[in-house]
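2 protein chains.
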Amino acid sequence: MDGRRPDDEREFLAAYDPRAFAPIAVTVDVVALTLRGGALHLLAVRRGGPPFAGAWALPGGFVQAGQESLDEAAARELAEETGLDAGALGRVHLEQLGSYGQPDRDPRMHVVSVAYLAFAPHLPDATAGGDAAGADWLPVESLHLAGQPDAAPPRPIEQGRRTGTYGGGTGRRPPSPGDSAPGASSASAEAPAPDFAFDHDRIVADGLERARAKIEYTPLATAFLDETFTISDLRAVYEAVWGAPLHAGNFHRKVLSVPGFVESTGETGSRPGSRGGPRARLYRAGDARQLHPALLRPDHEAAVR
Amino acid sequence: MDGRRPDDEREFLAAYDPRAFAPIAVTVDVVALTLRGGALHLLAVRRGGPPFAGAWALPGGFVQAGQESLDEAAARELAEETGLDAGALGRVHLEQLGSYGQPDRDPRMHVVSVAYLAFAPHLPDATAGGDAAGADWLPVESLHLAGQPDAAPPRPIEQGRRTGTYGGGTGRRPPSPGDSAPGASSASAEAPAPDFAFDHDRIVADGLERARAKIEYTPLATAFLDETFTISDLRAVYEAVWGAPLHAGNFHRKVLSVPGFVESTGETGSRPGSRGGPRARLYRAGDARQLHPALLRPDHEAAVR
DNA sequence: AGAATAGTGTCTTTGAGACAATATGCG
DNA sequence: CGCATATTGTCTCAAAGACACTATTCT
């Protein structure tokens, strides 16, 4: 309406000499999830230098200005940390999660981070790329995450013991007051009580909630599996991501009843379940992009209220 | 792990002298939606200068480095264009939509735009803020959007005649090429067929799809209404956003059956529908943040396949 | 043999949607 | 009066979930 105000003046200048105006750095950070030994794992790197030296952080880095899109930058960073080539990356689901831009989230300067969420089939051990001191897959159930975004936080679990099934109860987590996660990030690796650098714990929490919601109404759970899989493999994905056991029979029927979710390869798996049982039939991902009707989380309505 | 590679070198420098490295500008753009006369409208501004001078664009601007978060920047930009004060802004729902960072999306330089989605009750006419030549609310049904993200594009509608119900058919819209719709208000808006500057048509399409999906499983449709409203008012929101008529009786029962969606104010509206009928009871938004069970779009499964 | 798993059948309950019916208030 | 709307009732069908059952294969 009226004449230029100071803000506009600066914007005007910025268009012609951006370096004089916009000291905001843009990075991408990736919340990469995979299944290892039946448990959901998150890719994290050890920070090699300050700030937060020694703390866990998400793999990520600066977007190369004028060179790449955000999606490309995320794929590049993920590849650097996992050693994946372009072919293997093609089997990974990568989607944008959200952007984080609090002015003080990085003590050095104003950094806007565009977070991505990745679902990958079982991947090899992580290899530290960039200036990270190390990279590793952390079991999600061991994470201490601040400010759970919604209502599906990882429940307290016993350390060390991984029976392949669940340690937790039915899922209506008690608030668990003694379960604090202060900034006391230990720099040694044995103790898995990972506090994250920056606001990465919030990004991880948001990513986990997105993952839990996304497999409800999309077939993306198959992105955690190989080309062919059994219905039980698929059920294991849902159980690992949701952290709750599912009824095998009903799940089986449900998956087959949703059009386009999976399609049969007429084959049958050679190795039955490690504890006996008939050989399961093999399926591959179908062509649906959305599940109708959706596969809703058990008891989720109660958790949300 | 190993020695620094060139990329790392640049990142390292960037941390200490960002101006030497990161010529990426960060902006926010807002997809602001409201209901006017029963139809969904989008807030747009006329660009005052190149590039894309004279074209419609989303309200937005640069994030003030070190001064504000992304959310704050979006709220500020929205307020500038709508003349809303802080109080009125409190009644507006504002959420992050996604970030857009193709290197060539702005011809001047690499600009990463963080898009926001806003739901607002009926607002006054837009007032051009910043360096815009004008601002206006455009009927969403008149927009020509490239690359519809999904399967719920606006259908053709008859202009002028707004009977309060629908002109369209059952929802499987024919493309309807010659369908123009002048916003016919302040800023020389005779020529419609709005093509947007930059990639803003894609952002708008993504925002619309997000809005259509979001009111399925959240009570955010109430954000388009005043403090109190009737069930019919609420139904009008769903019909405007989804672009399809809903069965009044079933909708009524459904809304009341979802816990926490609306709560009754014991009152009754004084003005019945303009064409007669009993006075409807008034409700206000309930305390639920998610709807269980959800209010699914009719026929959406078929549209998605 | 005993145990665990794959896959199917059955039954109950909930919810979505089609349709009908009644009451209210405007023109 | 005639019509549109608000609200409630009824009926049918799809789907989720609990439970049971059979067949298969490992230890």
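Chains as they are written, first to last, in the working numbering: chain A, 173 to 477; chain B, 173 to 477.
Where is the CB? At the ideal position from N, CA and C, for every residue including glycine.
Given the structure is predicted, the values throughout are model-derived calculations rather than measurements.
- Taking a contact as a CB-CB distance under 8 Å, the pair Leu418 of chain B and Arg407 of chain B counts as one, their CB atoms being some 6 Å apart.
- Pro223 of chain A and Pro279 of chain A do touch by the CB rule: their CB atoms are close to 5 Å apart, below 8 Å.
- Neighbours of Ile196 of chain A in chain B, taken as residues whose beta carbon is under 7 Å from its own, are Val198, Val235 and Ala237 in chain order.
- Distances from the alpha-carbon of Gly232 of chain B to those of B:Gly238, B:Gln239, B:Ala225 and B:Ala216 put B:Ala216 closest.
- Note on geometry: alpha-carbon atoms of Gly306 of chain B and Arg218 of chain B lie some 5 Å from one another.
- Here the alpha carbon of Gly415 of chain A sits roughly 45 Å from the alpha carbon of Glu252 of chain B.
- Here DSSP, grouped into helix, strand and coil, assigns Ala287 of chain B to strand.
- At least one CB of chain B lies nearer than 7 Å to the CB of Gly270 of chain A.
- Residue contact with chain B for Val286 of chain A: present (Cβ-Cβ distance below 7 Å to some residue of chain B).
- At a cut-off of 7 Å between C-beta atoms, Gly379 of chain B does not count as an interface residue with respect to chain A.
- Spanning the alpha carbons of Ala211 of chain A and Leu315 of chain A requires a straight line of approximately 13 Å.
- In the DSSP assignment, Ser404 of chain B falls within the alpha helix (DSSP H) that extends over Ile403 to Trp414.
- The continuous stretches of beta strand (DSSP E) do not include Gly262 of chain A, which lies in the alpha helix (DSSP H) extending over residues Ala258 to Gly262.
- When DSSP states are grouped into helix, strand and coil, His316 of chain A belongs to the coil group.
- Residue-level contact check: Pro296 of chain B does not touch chain A, since none of the beta carbons of chain A fall below 7 Å from its beta carbon.
- Taking the Cβ atoms as the reference, Leu269 of chain B lies roughly 16 Å from Glu388 of chain B, outside the contact range of under 8 Å.
- Secondary structure note for Arg374 of chain B: its alpha helix (DSSP H) is the uninterrupted segment His372 to Tyr389.
- At least one CB atom of chain B sits nearer than 7 Å to the CB of His282 of chain A.
- The continuous beta strand (DSSP E) containing Ala457 of chain A extends over residues Arg453 to Ala457.
- A direct Cα-to-Cα measurement between Val434 of chain A and Leu266 of chain A gives close to 20 Å.
- Gln236 of chain B is classed as buried because its beta carbon has at least 16 other beta carbons within 10 Å across all chains shown.
- Taking 7 Å as the CB threshold, Gly273 of chain A lines the interface with chain B.
- Under the Cβ distance rule, Leu392 of chain B does not count among the residues neighbouring chain A, no pair being separated by less than 7 Å.
- Contact annotation: Gly273 of chain A and Leu242 of chain B have beta-carbon atoms nearer than 7 Å.
- Shown here, Gly432 of chain B sits in coil according to DSSP, grouped into three states, outside any helix or strand.
- For Ala393 of chain A, no alpha helix (DSSP H) encloses it, and the DSSP letter there is neither H nor E.
- For the pair of segments examined, the segment 434-453 of chain A was found not to touch the segment 376-384 of chain A: the number of CB pairs separated by less than 8 Å stays below three.
- Its Cα nearest to that of Phe234 of chain B, the residue B:Ala247 stands out among B:Trp228, B:Ala227 and B:Ala247.
- Here Ala258 of chain A is exposed, its C-beta having fewer than 16 other C-beta atoms within 10 Å.
- Contacts between Leu242 of chain A and chain B, judged by CB atoms closer than 9 Å, involve Ser271, Tyr272, Gly273, Gln274 and Val284 in chain order.
- The distance from the Cβ of Phe368 of chain B to that of Ala229 of chain B is about 6 Å, consistent with a contact at the 8 Å cut-off.
- For Ala245 of chain B, the uninterrupted alpha helix (DSSP H) segment begins and ends at Leu242 to Thr254.
- For Val217 of chain B, the enclosing beta strand (DSSP E) starts and ends at Ala211 to Arg218.
- Taking the Cα positions, Leu207 of chain A is about 8 Å away from Val409 of chain A.
- With distances taken between CA atoms, Gln239 of chain B lies nearest to A:Pro275 out of A:Leu256, A:Gly209 and A:Pro275.
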